[in-house]
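One structure below.
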Amino acid sequence: IRQNGSEIGRKKDDLPYVLLFCDSLREAVAKSCGVVAVLLVGCSRELAMAGSYRPVSRDQQFLLPVDMGEWLPDDHLAWFLIDVVAELDTSAFHADRVLGGRGRAAYDPDMMLALLLYAYANKVHASRSIERLCDSDVAFRVICGSDGPDHATIARFRAVHDQGFKALFASVLGLCRAHGMVRVGVVSIDGTKVLANASRGANRSEQWLLEQASKIVDEATAVDAQQDAEFGDAVGDELPAQLAGRSGRGARIRAALAEVDRQKQKAAADDDGVFPRAQGCHFPGVPAGGLRLGEDIV
Numbered sequence: 032i033r034q035n036g037s038e039i040g041r042k043k044d045d046l047p048y049v050l051l052f053c054d055s056l057r058e059a060v061a062k063s064c065g066v067v068a069v070l071l072v073g074c075s076r077e078l079a080m081a082g083s084y085r086p087v088s089r090d091q092q093f094l095l096p097v098d099m100g101e102w103l104p105d106d107h108l109a110w111f112l113i114d115v116v117a118e119l120d121t122s123a124f125h126a127d128r129v130l131g132g133r134g135r136a137a138y139d140p141d142m143m144l145a146l147l148l149y150a151y152a153n154k155v156h157a158s159r160s161i162e163r164l165c166d167s168d169v170a171f172r173v174i175c176g177s178d179g180p181d182h183a184t185i186a187r188f189r190a191v192h193d194q195g196f197k198a199l200f201a202s203v204l205g206l207c208r209a210h211g212m213v214r215v216g217v218v219s220i221d222g223t224k225v226l227a228n229a230s231r232g233a234n235r236s237e238q239w240l241l242e243q244a245s246k247i248v249d250e251a252t253a254v255d256a257q258q259d260a261e262f263g264d265a266v267g268d269e270l271p272a273q274l275a276g277r278s279g280r281g282a283r284i285r286a287a288l289a290e291v292d293r294q295k296q297k298a299a300a301d302d303d304g305v306f307p308r309a310q311g312c313h314f315p316g317v318p319a320g321g322l323r324l325g326e327d328i329v
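Below, the structure is given as structure tokens:
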């Protein structure tokens, strides 16, 4: 049943009644359709709004295999940095990789470099934030191939290759500047235009780029140190144990909401105009429970 293009009711299968989402035209609908028009009162949100919203299907299986190449446009910064790293000499970053060691295989240094470059270019400095985005952000997932490193691995890689990564970062910024880019992500490289016109401009420009790269990397190191002290080995946004895990979480959330409501009611009852007597103090005529607004001291 539609009114002005909007669904206001629905006939359920072959049953002789119409479910109305509003009470307008109830009698008219009943007469014209020859059925009983039932107004939904106090019904569930899902039933009442069934015809108003696009369905949200989080259990829908992909009908075709997932192709990461289609997740981002070809000119996205993530693809650009992946391609740049592939053309750079990164042998120094591979040299100290342990082969045949115990535990999981090491992450590809080229992937780690592209990941750090993209993160820092977008002002994501904290390794914990990078770890989270490798699970939730499309660009980060593309870079790591949906196999993101944890924050400890990210921080350790940066620390081991501190000077080498700063130099590589500066080289990437220089490449972008040479092709007329004024920023990489949110990192501005426009300031090098002034330096390039000065005496010994090329050297000064390269030094400026290295200083910018070093500043960003040092900021990331400082943020990680601060968060390590605050969170230890944890990421910092873990759910409490009583709310972790999706199985049965709805019931636990309802119980938590009920407890919050109970606490609000208790706080409101405690804040009903009673001024409690300070502990250890006694004033003649003030009752033991305190003094209410409008009451006189006797």
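Counting with my numbering, you get residues 32 to 329 for the letters of the sequence shown.
All residues carry an ideal CB built from backbone N, CA and C; glycine is no exception.
Since the model is a prediction, treat every value here as computed from it, not as a measurement.
Within 7 Å, strictly: CB atoms of residue i and residue j
i, j, result
"residue 201", "residue 244", "yes"
"residue 149", "residue 180", "no"
"residue 237", "residue 156", "no"
"residue 145", "residue 116", "yes"
"residue 11", "residue 254", "There is simply no residue 11 to check, as the chain begins at 32 and stops at 329 in what is shown."
"residue 169", "residue 110", "no"
"residue 167", "residue 182", "no"
Expected contact under 8 Å - CB spacing of residue i and residue j to nearest Å
i, j, result
"residue 173", "residue 99", "5 Å"
"residue 165", "residue 142", "No, residue 165 and residue 142 are not in contact; Cβ-Cβ is about 11 Å, not under 8 Å."
"residue 119", "residue 216", "About 18 Å; that fails the 8 Å criterion."
Residue of the options minimising C-alpha distance to residue i
i, options, result
"residue 257", "116, 178, 186, 167", "186"
"residue 206", "241, 297, 192, 290", "241"
"residue 199", "209, 171, 252, 124", "124"
"residue 127", "188, 117, 103", "188"
"residue 113", "88, 97, 140, 92", "140"
According to DSSP, residues forming a beta bridge with residue i
i, result
"residue 214", "219"
Between the CA atoms of residue j and residue i - distance to the nearest angstrom
i, j, result
"residue 130", "residue 121", "Because the pLDDT of residue 130 is 49, which lies under 50, any placement of that residue in the model is unreliable, and the question is left without a value."
"residue 299", "residue 151", "48 Å"
"residue 264", "residue 177", "22 Å"
"residue 171", "residue 292", "39 Å"
"residue 260", "residue 267", "11 Å"
"residue 214", "residue 194", "22 Å"
"residue 162", "residue 192", "19 Å"
"residue 208", "residue 220", "7 Å"
"residue 105", "residue 147", "20 Å"
"residue 154", "residue 97", "29 Å"
"residue 83", "residue 282", "27 Å"
"residue 295", "residue 277", "27 Å"
"residue 269", "residue 262", "10 Å"
"residue 280", "residue 160", "25 Å"
"residue 204", "residue 184", "24 Å"
"residue 289", "residue 252", "42 Å"
"residue 246", "residue 239", "11 Å"
"residue 301", "residue 90", "46 Å"
"residue 286", "residue 86", "28 Å"
"residue 212", "residue 273", "49 Å"
"residue 271", "residue 297", "24 Å"
"residue 88", "residue 284", "21 Å"
"residue 275", "residue 92", "24 Å"
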